[in-house]
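K.L.:
Residue numbers (my numbering), protein chains in the order written: chain V, 525 to 841; chain W, 229 to 510. Glycine included, every Cβ here is placed at the ideal spot set by N, Cα and C.
(1) Using a C-beta to C-beta distance shorter than 8 Å, which residues of chain W count as neighbours of residue 649/V?
(2) Just mark residue 342/W as buried or exposed, buried being the case when its beta carbon has 16 or more other beta carbons within 10 Å.
(3) Quick check on the burial criterion: 16 or more other C-beta atoms within 10 angstroms. Buried or exposed for residue 724/V?
(4) Using a Cβ-Cβ cut-off of 8 Å (strictly less than) and excluding sequence neighbours within five positions of residue 685/V, which residues of its own chain qualify?
(5) Counting only the same chain and skipping the five closest in sequence on each side, list residues whose C-beta sits under 6 Å from that of residue 369/W.
(6) Using CA coordinates, which residue listed in 538/V, 671/V and 578/V is at the minimum distance from residue 596/V?
(7) Are residue 614/V and residue 598/V touching if we call contact CB-CB under 7 Å?
(8) May I ask you to list, following chain order, the residues of the region 639 to 667 of chain V that have a beta carbon less than 8 Å from some beta carbon of chain W?
(9) Would you say residue 825/V lies against chain W (beta-carbon separation less than 7 Å)?
(10) Does the beta-carbon distance from residue 319/W to residue 822/V come in below 7 Å?
(11) For the candidate residues 654/V, 779/V and 660/V, whose alpha-carbon lies nearest to that of residue 317/W?
(12) Between residue 770/V and chain W, is there a C-beta pair that is closer than 7 Å?
(13) Please report the straight-line C-alpha distance between residue 571/V and residue 775/V, rounded to a whole angstrom.
(14) Hey, out of 246/W, 433/W, 349/W and 493/W, whose CA is closest to residue 423/W's CA?
(15) Once DSSP output is grouped into helix, strand and coil, what is the label at residue 615/V?
(16) For residue 736/V, does the count of other Cβ atoms within 10 angstroms reach 16, so buried, or fall short, so exposed?
(17) Determine the burial state of residue 738/V: buried for a count of at least 16 other Cβ atoms within 10 Å of its Cβ, exposed for fewer.
(18) Report the three-state DSSP secondary structure of residue 344/W (helix, strand or coil).
(19) Can you find at least 3 beta carbon pairs, one from the region 747 to 765 of chain V and one from the region 651 to 671 of chain V, that sit closer than 8 Å?
(20) At 3 residues or longer, what runs of the beta strand (DSSP E) sit wholly inside the region 323 to 394 of chain W?
(21) Going along chain W, which residues have a C-beta under 7 Å from residue 811/V?
(22) Grab me the residues of residue 507/W's own chain with a C-beta within less than 8 Å of its C-beta, minus the 5 sequence neighbours each way, in chain order.
(23) Could you say which of 789/V, 772/V, 619/V and 826/V lies nearest to residue 641/V if we only look at CA atoms?
(24) Grouping DSSP H, G and I as helix and E and B as strand, with all else coil, what is residue 785/V?
(25) Quick one: which chain W residues come within Cβ less than 9 Å of residue 776/V?
(26) Grab the span of the alpha helix (DSSP H) containing residue 439/W for me, first residue to last.
(27) With a threshold of 7 Å between beta-carbons, can residue 319/W be considered close to chain V, or not?
(28) Where does residue 680/V fall in DSSP's three states?
(29) Give me the Cβ distance between residue 349/W and residue 355/W, rounded to the nearest whole Å; I'm assuming they're in contact under 8 Å.
(30) Mind listing, in chain order, the continuous alpha helix (DSSP H) runs of no fewer than 4 residues lying wholly within the region 394 to 423 of chain W?
(31) Mind checking if residue 692/V is an interface residue toward chain W, Cβ cutoff 7 Å exclusive?
Right, here's the structure in full:
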């Protein structure tokens, strides 16, 4: 993995372009387009959470769908069983995700490379297996009847896909700015240093483990928000959401977009989701195409679409 | 009753062993975790199915399915794996993740989405009496195959010169190269062998579990756990891991069905907490 993609200007430009496209498409699009935009935005949040730990912390998680699931199930339980308002549920799932992420992170951040990948994969599958057998969580049927936040008092109807898309876009923007701030803050700097040479950081008295665990838990919290928004969008949750292939697809999104440039993750999520969706409508051997596409990108497009944009920008100058 | 349980667990362990040993040797030599290992298992079963349907002979399927799977493995190695040996682990994992998609869709397009079955050869289709309980002879046959593979691998790795070269390449590839060991060639053959063993696992379980798309995912995660628990890169580790996971899973499903799925993961979590390098450190 190469050093951090550090081009804040391009990062912001790309974000603004994607943002304007989504706003225009949302205003003029059909019911289906709006739903699709909300879906892409939520996947972008998930991709960002993976991008953050992969690029800043050098941690590749193949079990992050677990946090998507934690966010989704805790939102469902909080709002259905305990009658907590949907917005507070989303905020609470962030905290739940952070706490669980911190506990798990504490035990696994010392692992590196392939071991980290395998352990996160196994933990994710453990969660998946548990969800499938748990009666409390609805087993293989999942849970339905989850409602969206209610802002009718200020005249906003969240059941309108137009407003709900804008609502999730706001969440994405908030998370984007939080993470860009963290990148430049001591936490981000420390993480960069740890990723590049963790032994040296330990030698000068830095807490490598603590910083990595904090980064992991923050990422877990963000993935939980994505899960929470996802169930509010769909109104139901299926345990399939926690399967490890969901995490794998998230990683593919950041590889396609380009690791380390938060906007690249959003671009990757957009492109991958659109291609998956459109291809599966046209041909029935779309998985074959996608498989070859993944391999092509891994082999030949080192920095994904973000790298492509950087090169284009350099040529224009 | 307990004897039957024991044999079922042993049979499952042997299937896991056939899968894990390939994965673990490839990991030991290349430091690559091949997520498509389960796909090779599935492809092996399907190739066996076609041979069985065409020739109506299980024995031909048993011989040629692993050989053809090994050839696919050799092809994949030359085309892909050789080039990503020193790449970042995330790229390696995602490349093999792409292969899962390709494997699943190829199988779906070539053989359809229906599940198929292969019948065990007539000699093995009748149950045998153990003490006074009948037990399927075919499962005993699978156990025998697993043990045969185990002992031949052990013999090759520990007692022959080729085995010594393989061990040297796992322990220290650079020194091995200095000693004129052609590590590339060793990688090529062990990779193909590992894939062939996955194919063997596929065709041997086909008469028990059937052949269907999605069978790759079920075993993949279990195999990865076996490798992590046993300690990656070693034959003994793969054996210890498969026995532990195979027995915990089989007995768990009978005695505590509610928790069976979770216990395996708990075993793995505990192993990693107390012995991060696996139970058997090379």
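P.N.:
With the given structure in hand:
(1) 449 and 493, listed in chain order.
(2) Under this definition residue 342/W is an exposed residue.
(3) It is exposed - the Cβ of residue 724/V has fewer than 16 other Cβ atoms within 10 Å.
(4) Once the five neighbours on either side are set aside, the close Cβ partners of residue 685/V are 555, 558, 559 and 562.
(5) These residues qualify, in order along the chain: 352.
(6) When only C-alpha atoms are compared, the closest one is 671/V.
(7) No. Outside cutoff.
(8) The region 639 to 667 of chain V vs chain W, Cβ under 8 Å: 639, 641, 642, 643, 645, 646, 647, 649, 650, 653, 654, 656 and 657.
(9) Contact of residue 825/V with chain W is not assigned, every C-beta pair being separated by 7 Å or more.
(10) The answer is yes: Cβ separation under 7 Å.
(11) For residue 317/W, the nearest C-alpha among the options comes from 779/V.
(12) Residue contact with chain W for residue 770/V: absent (no Cβ-Cβ distance below 7 Å to any residue of chain W).
(13) Distance between the alpha carbons of residue 571/V and residue 775/V is about 7 Å.
(14) The shortest C-alpha separation from residue 423/W is found at 246/W.
(15) Here residue 615/V sits in helix by DSSP.
(16) The residue is buried, with at least 16 neighbouring Cβ atoms inside 10 Å.
(17) Counting Cβ neighbours within 10 Å, residue 738/V comes out buried, since at least 16 surround it.
(18) In the structure shown, residue 344/W sits in a strand (DSSP, three-state: E or B).
(19) Verdict: yes, contact present.
(20) Counting whole runs of 3 or more residues, the region 323 to 394 of chain W contains the beta strand (DSSP E) stretches 355 to 358 and 361 to 364.
(21) Those within 7 Å of residue 811/V in chain W are 329, 332 and 333.
(22) Excluding sequence neighbours, residue 507/W sits near 457, 458, 459, 465, 468, 469, 472 and 499.
(23) The candidate whose alpha carbon is nearest that of residue 641/V is 772/V.
(24) The answer is coil: DSSP assigns residue 785/V none of H, G, I, E or B.
(25) Within chain W, the residues near residue 776/V are 322, 325 and 326.
(26) Premise fails: residue 439/W is in no alpha helix (DSSP H) and is neither H nor E.
(27) Closer than 7 Å to some Cβ of chain V, the Cβ of residue 319/W qualifies, so yes.
(28) Three-state DSSP puts residue 680/V in a strand.
(29) No, residue 349/W and residue 355/W are not in contact; Cβ-Cβ is about 14 Å, not under 8 Å.
(30) DSSP assignment within the region 394 to 423 of chain W yields the following whole alpha helix (DSSP H) runs of 4 residues or more, N-terminal first: 401 to 406.
(31) Chain W contact via Cβ: absent.
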